[in-house]
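Structure first, commentary second.
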């Protein structure tokens, strides 16, 4: 196992060279996946049929983010201010 350090982040790398490396390797994969709520999709103990179906989210439309919008204007991302554009 290799460790790289800086003041705020410690990186650990595990290379699967032998069967004994599996526990440390899967622990790191699980930890990273859980941070992003993805472990159920990475967990080798879960059957594919038991997973919820992923669907692509609907792409946002610029006019949904415009504050105080005038009804007669067609809004694009060019009409958004900085704050609205960041939300978009």
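Numbering (our numbering), first residue to last: 6 to 93.
Think of the CB as a built atom: it goes at the ideal place given N, C-alpha and C, for glycine as much as any other residue.
Note that this is a predicted model, so its numbers are computed, not measured.
- Unbroken alpha helix (DSSP H) runs of no fewer than 4 residues, entirely contained in the segment 14-64, are found at 27-40, 44-47, following chain order.
- Around residue 21, the same chain offers 27, 30 as residues with beta carbons nearer than 8 Å, after the five sequence neighbours per side are excluded.
- Residue 42 and residue 32 have their C-alpha atoms spaced approximately 15 Å apart.
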